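S.K.: Below is the structure I would like to discuss, written out as structure tokens.
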């Protein structure tokens with residue numbers, strides 16, 4: 023398929039419309055959206071509500087409730103009703119304990135944290151998967167067809183572990199993931215395409231549990247992220263906690279509260295916050311069991327409480343603007359995203375910082391899901407590819423530990439992804455035959471201040487004097503922002519590599535276990551499905567190659583090369599008749615292998631064409 | 014990709030230190046529009062991998078050419094001269110001026126009008142850095158061994174200024190908090 027797109031740019035391939043959605047997996051609520059007739063729209067539940075509260079309730083009889091039903095059980099069954107699970111995603115035990123969660127925690131075999139519920143121990147990944155499953159079901163019921171792909175959004179400031187955890191959740195939910203997309207980038211897409219904007223945009227995204235700031239440039243359909251920053255543990259939930267503390271202080275109630283009381287207190291605080299966005303002064307009332315209290319609170323007091331948090335967001339904003347080589351006044355448009363930007367003090371602070379009032383327009387709760395839907399529609403091939411391209415960055419620097427507990431940065435933050443970087447290191451002692459590679463993420467100089475992503479060892483280095491061995495450490499960040507690392511001793515070619523799977527993440531076995539747990543598909547069903555999938559893929563490959571050979575075969579290939587490809591194609595055609603998944607897969611791999619040189623030649627050919635003095639405007643028009 | 018050996022060729026621009034940033038950006042977008050992995054989501058694994066590698070190369074090339082210091086370093090590399098990372102600079106006049114600049118920077122926080130002082134120092138550093146860039150171009154153009162060595166030392170000096178600018182940015186962040 024890709025071969026065809028290269029040979030005939032601009033000529034859309036005839037194909038059926040495929041179902042791909044955008045999912046905003048939020049801290050407080052989640053949404054699913056899809057593009058219909060070129061317009062993105064959010065999908066609603068049976069009661070016409072677009073939002074799904076990100077709350078999951080587990081019960082004794084293994085029935086799992088998600089959304090509004092679960093939300094109703096927050097106070098009556100606080101330990102089995104999980105809210106704001108996104109704050110726990112991709113965190114290790116120590117980090118989880120720091121957070122004010124009311125839940126009982128335990129650890130899995132591999133040491134990753136679990137939440138104890140009446141239905142067993144659940145990892146934050148599994149709980150997130152329940153939310154994703156619910157959204158997937160909503161989409162399939164709405165559209166009456168099987169979901170073929172989804173773009174799931176993550177905060178731009180999510181680190182590798184948090185991204186990996188989101189990807190794992192999609193896998194467990196059985197949702198085919200097309201791409202992880204940064205939330206502010208998604209918002210910029212929805213906003214940019216809606217308003218036809220060009221130039222520079224700042225997206226200030228303050229959600230329930232995360233804060234992101236991204237500066238983008240938007241030219242001719244290319245959305246290029248120039249810089250990003252934020253705080254993956256700062257959001258509207260923190261406003262609620264501040265209000266709770268105030269209520270406790272004013273009312274004189276002593277900690278510790280029961281889980282139920284905590285929940286009531288948080289709910290009262292959240293209501294107060296929301297009321298203060300509309301009213302200047304409100305009455306806050308605690309009215310549950312032993313907690314009986316009433317007090318007055320005005321907006322000025324609340325604003326005062328929020329100042330330290332708002333200041334933190336502005337600090338990150340200033341840094342992001344600086345990283346984009348701009349000043350606040352140079353930013354042309356400011357877009358607000360996330361429910362917490364409804365708080366007047368937040369709006370005022372952003373307005374003051376950029377010296378302009380933020381754009382109104384798309385609902386800040388829905389804009390991220392809408393943007394994700396547009397990207398999903400593009401990736402699945404429903405939208406002509408030349409219209410839009412997103413270029414995103416990695417939010418945090420990546421590096422390895424060197425002598426003295428220091429971090430040597432290999433991929434600096436705000437590098438456009440995908441990116442490959444390699445750096446050479448050497449041995450410290452005479453005759454050293456092994457080297458530990460400790461992979462870290464963060465901006466600080468010392469290992470202890472950065473996040474540890476993975477450790478692995480390169481063994482079998484030939485003994486040499488200190489400093490003689492040359493060890494090349496390569497970092498690869500893919501288009502989802504996920505990292506893999508390998509190390510190689512270059513004089514002897516001893517190699518060791520690791521897919522960075524954070525030590526507190528889930529192991530492959532655990533994910534497989536959860537998958538088996540969550541799906542009860544008969545084995546036959548699965549096989550039939552995978553055969554069908556492979557068959558479709560194989561026919562597609564044959565069609566594509568036929569078309570490509572017809573177009574460029576004689577020009578780019580020798581007769582022998584053409585014959586080799588033709589033979590491999592015959593083999594695949596034969597294998598297709600066998601109804602044997604393995605045979606088809608093998609024949610397809612062989613054909614891919616045989617035709618890879620051809621693909622490379624066509625890629626080079628297309629680059630040469632691009633270099634032949636054409637400018638972007640011309641390419642747009644083709 | 015066959016163009017890996019020359020980033021300038023990849024972007025279809027004349028090799029040299031002076032460079033049209035908008036032409037570079039324009040061509041970067043053209044290449045990304047064709048090569049990005051998002052264009053190959055439906056393709057086979059081999060093509061996907063190829064797309065990631067090609068895009069990574071384009072990104073690397075763009076970053077290298079966009080930034081003046083890395084562009085200068087790359088031009089020297091093309092001329093067969095590697096810029097060592099941690100060789101000490103022999104130029105004592107330069108070192109003394111560096112020390113003075115750093116002392117000025119340390120004084121800013123205690124000064125009466127830190128913001129204005131910071132901007133003044135920033136302008137001063139920018140000017141000094143621009144002077145070195147001019148010097149670099151002259152040495153590079155002459156091209157003989159001795160001149161190239163001088164050019165390498167220019168790049169090392171540019172790195173000093175870059176570091177200083179990064180520290181000024183850091184200081185500014187602290188001042189504003």
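Protein chains in written order, with my numbering: chain A, 23 to 644; chain B, 14 to 190. From the three backbone atoms N, C-alpha and C, an ideal C-beta is built for every residue, glycine too. If you're wondering where the values come from, they're calculated on a predicted model, not measured in any experiment.
Name the chain B residues whose beta carbon is nearer than 9 angstroms to that of residue 628 of chain A?
M.R.: Here residue 628 of chain A is taken as the residue at index 606 of the first chain, counted from 1. Neighbours of residue 628 of chain A on chain B, chain order: 47 and 48.
S.K.: Taking a cut of 7 angstroms between CB atoms, which residues from the stretch 166-188 of chain B lie near chain A?
M.R.: Cβ contacts with chain A: 182 and 186.
S.K.: Please classify residue 152 of chain B: does DSSP put it in a helix, a strand, or coil?
M.R.: Reading the second chain from its first residue, position 139 is the one you call residue 152 of chain B. Residue 152 of chain B: helix per DSSP, three-state reduction.
S.K.: Rounding to the nearest angstrom, what Cα-Cα distance links residue 307 of chain A and residue 93 of chain A in this structure?
M.R.: Taking the first residue of the first chain as position 1, residue 307 of chain A is located at position 285. Taking the first residue of the first chain as position 1, residue 93 of chain A is located at position 71. About 21 angstroms.
S.K.: At a CB-CB cut-off below 8 angstroms, which residues of chain B make contact with residue 250 of chain A?
M.R.: Stepping through the first chain from its first residue, residue 250 of chain A is reached at position 228. Per Cβ cutoff of 8 angstroms: no residues; residue 250 of chain A is ~16 angstroms from chain B at best.
S.K.: State the beta-bridge partners of residue 223 of chain A as determined by DSSP.
M.R.: As a working note, residue 223 of chain A is residue 201 in the first chain. Residue 223 of chain A pairs with A/238 and A/355.
S.K.: Taking Cβ positions, are residue 49 of chain B and residue 64 of chain B nearer each other than 8 angstroms?
M.R.: The residue you call residue 49 of chain B lines up with position 36 of the second chain. The residue you call residue 64 of chain B lines up with position 51 of the second chain. In this structure, residue 64 of chain B lies closer than 8 angstroms to residue 49 of chain B by Cβ.
S.K.: How should residue 135 of chain A be labelled, buried or exposed, when 16 other C-beta atoms within 10 angstroms of its C-beta is the threshold for buried?
M.R.: Along the first chain, read from residue 1 onward, the residue named residue 135 of chain A stands at position 113. Under this definition residue 135 of chain A is a buried residue.
S.K.: Anything in chain A within Cβ reach of residue 73 of chain B, meaning under 8 angstroms, just list it in chain order.
M.R.: Counted from its first residue, the second chain places residue 73 of chain B at position 60. Under the 8 angstroms cutoff, chain A gives 441, 442 and 443.
S.K.: In the DSSP assignment, find the unbroken alpha helix (DSSP H) run with residue 645 of chain A in it and report its ends.
M.R.: An answer regarding residue 645 of chain A cannot be provided, because it is not within the stretch 23 to 644 covered by chain A.
S.K.: Which class does residue 542 of chain A belong to by DSSP, given the choice of helix, strand or coil?
M.R.: By one-based count along the first chain, residue 542 of chain A stands at place 520. Legend: pLDDT at residue 542 of chain A = 46, less than 50; position of this residue unreliable, no value from coordinates given.
S.K.: Going by C-alpha distance, which of A/205, A/143 and A/61 is nearest residue 45 of chain A?
M.R.: Here the question's residue 45 of chain A lines up with position 23 in the first chain. Cα-wise, what sits closest to residue 45 of chain A is A/205.
S.K.: Consider the Cβ of residue 437 of chain A: report whether some Cβ of chain B lies at a distance smaller than 8 angstroms.
M.R.: Here residue 437 of chain A refers to the residue found at position 415 when the first chain is read from its first residue. True, the Cβ-Cβ gap to chain B drops below 8 angstroms.
S.K.: For residue 207 of chain A, count neighbouring C-beta atoms within 10 Å of its own C-beta (all shown protein chains included) and say buried if the count is 16 or more, exposed if not.
M.R.: The residue given as residue 207 of chain A occupies position 185 in the first chain. The residue in question, residue 207 of chain A, is buried, as its Cβ has 16 or more Cβ neighbours within 10 Å.
S.K.: Please classify residue 457 of chain A: does DSSP put it in a helix, a strand, or coil?
M.R.: Stepping through the first chain from its first residue, residue 457 of chain A is reached at position 435. Strand at residue 457 of chain A.
S.K.: With a 10 Å radius around its C-beta and 16 neighbouring C-beta atoms as the bar for buried, classify residue 509 of chain A as buried or exposed.
M.R.: Locating residue 509 of chain A in the first chain gives position 487, counting from the first residue. Flag for residue 509 of chain A reads buried.
S.K.: Taking 8 angstroms as the CB-CB cut-off, is residue 623 of chain A touching chain B?
M.R.: Locating residue 623 of chain A in the first chain gives position 601, where the first residue counts as 1. False, the Cβ-Cβ gap to chain B never drops below 8 angstroms.
S.K.: Could you round the C-beta distance between residue 102 of chain B and residue 169 of chain B to whole angstroms and report it? I think they count as a contact, below 8 angstroms.
M.R.: Numbered from 1 along the second chain, position 89 holds the residue referred to as residue 102 of chain B. Numbered from 1 along the second chain, position 156 holds the residue referred to as residue 169 of chain B. With 8 angstroms as the limit, residue 102 of chain B and residue 169 of chain B qualify as a contact, their Cβ atoms being about 6 angstroms apart.
S.K.: Am I right that residue 76 of chain A and residue 52 of chain A are in contact with their C-beta atoms under 8 angstroms? What's the rounded C-beta distance?
M.R.: Your numbering for residue 76 of chain A matches position 54 in the first chain. Your numbering for residue 52 of chain A matches position 30 in the first chain. With a Cβ gap of about 5 angstroms, residue 76 of chain A and residue 52 of chain A count as contacting.
S.K.: Given a threshold of 16 other Cβ atoms within 10 Å of its Cβ, counted over all protein chains shown, does residue 450 of chain A qualify as buried or as exposed?
M.R.: Here the question's residue 450 of chain A lines up with position 428 in the first chain. Residue 450 of chain A comes out exposed.
S.K.: Considering only C-alpha positions, which residue in the set A/215, A/498 and A/477 is nearest to residue 60 of chain A?
M.R.: Reading the first chain from its first residue, position 38 is the one you call residue 60 of chain A. With distances taken between Cα atoms, residue 60 of chain A lies closest to A/215.
S.K.: Closer than 9 angstroms by beta-carbon distance: list the chain B residues that pair up with residue 341 of chain A, in chain order.
M.R.: In the first chain, counting from the first residue as 1, residue 341 of chain A sits at position 319. Here the neighbours are 182 and 186.
S.K.: Might you give, ordered along the chain, the residues of its own chain that have their beta carbon closer than 6 angstroms to the beta carbon of residue 87 of chain A, omitting 5 neighbours on each side?
M.R.: Residue 87 of chain A sits at position 65 when you count from the first residue of the first chain. Contacts found: 79.
S.K.: Along chain B, in chain order, which residues have C-beta atoms closer than 8 angstroms to that of residue 344 of chain A?
M.R.: Looking up residue 344 of chain A in the first chain gives position 322. Within chain B, the residues near residue 344 of chain A are 182, 185 and 186.
S.K.: Do the stretch 313-332 of chain A and the stretch 254-273 of chain A make contact, defined as three or more Cβ pairs closer than 8 angstroms?
M.R.: Counting Cβ pairs under 8 angstroms, three or more are found: they touch.
S.K.: Output yes or no for whether 8 angstroms exceeds the beta carbon distance between residue 289 of chain A and residue 313 of chain A.
M.R.: Looking up residue 289 of chain A in the first chain gives position 267. Looking up residue 313 of chain A in the first chain gives position 291. The answer is no: Cβ separation not under 8 angstroms.
S.K.: Is there at least one Cβ from chain A nearer than 8 angstroms to residue 63 of chain B's Cβ?
M.R.: Mapped onto the second chain, residue 63 of chain B falls at position 50. So, interface residue.
S.K.: Taking buried to mean at least 16 other C-beta atoms within 10 Å of its own C-beta, is residue 230 of chain A buried or exposed?
M.R.: Here residue 230 of chain A corresponds to residue number 208 of the first chain, with the count starting at 1. Per the 10 Å Cβ criterion, buried.
S.K.: So, do the stretch 549-566 of chain A and the stretch 590-607 of chain A have three or more beta carbon pairs nearer to each other than 8 angstroms?
M.R.: As far as the Cβ criterion goes, the stretch 549-566 of chain A touches the stretch 590-607 of chain A, which means the pair count is three or higher.
S.K.: Does the CB of residue 552 of chain A have a neighbour CB from chain B at under 8 angstroms?
M.R.: Position 530 of the first chain, counted from the start, is the residue given in the question as residue 552 of chain A. Cβ-Cβ to chain B under 8 angstroms: no for residue 552 of chain A.
S.K.: Helix, strand or coil for residue 201 of chain A? Go by DSSP, reduced to three states.
M.R.: Position 179 of the first chain, counted from the start, is the residue given in the question as residue 201 of chain A. Looking at residue 201 of chain A - three-state DSSP - the assignment turns out to be strand.
S.K.: Answer with buried or exposed for residue 189 of chain B, where buried requires no fewer than 16 other C-beta atoms within 10 angstroms of its C-beta.
M.R.: Start at 1 with the first residue of the second chain, and residue 189 of chain B comes out as number 176. The residue is exposed, with fewer than 16 neighbouring Cβ atoms inside 10 Å.
S.K.: Under 7 angstroms between beta-carbons, which chain B residues line up against residue 500 of chain A? List them in chain order, please.
M.R.: In the first chain, residue 500 of chain A corresponds to position 478, counting from 1. Those are 65, listed as they occur along chain B.
S.K.: So with Cβ pairs under 8 angstroms, would you call residue 30 of chain A a contact of chain B?
M.R.: Start at 1 with the first residue of the first chain, and residue 30 of chain A comes out as number 8. For residue 30 of chain A, the pLDDT reaches just 38, beneath the cut-off of 50, and the residue's location in the model is therefore unreliable, leaving the point undetermined.
S.K.: Taking the alpha-carbon positions, what's the residue 21 of chain B to residue 39 of chain B distance?
M.R.: Taking the second chain and counting its residues from 1, one reaches residue 21 of chain B at position 8. Taking the second chain and counting its residues from 1, one reaches residue 39 of chain B at position 26. In a straight line, the C-alpha of residue 21 of chain B is about 14 angstroms away from that of residue 39 of chain B.
S.K.: Please name the residue in A/113, A/554, A/411 and A/448 whose C-alpha comes closest to that of residue 183 of chain A.
M.R.: Within the first chain, numbered from 1, the residue matching residue 183 of chain A stands at position 161. That would be A/113, whose Cα lies nearest to the Cα of residue 183 of chain A.
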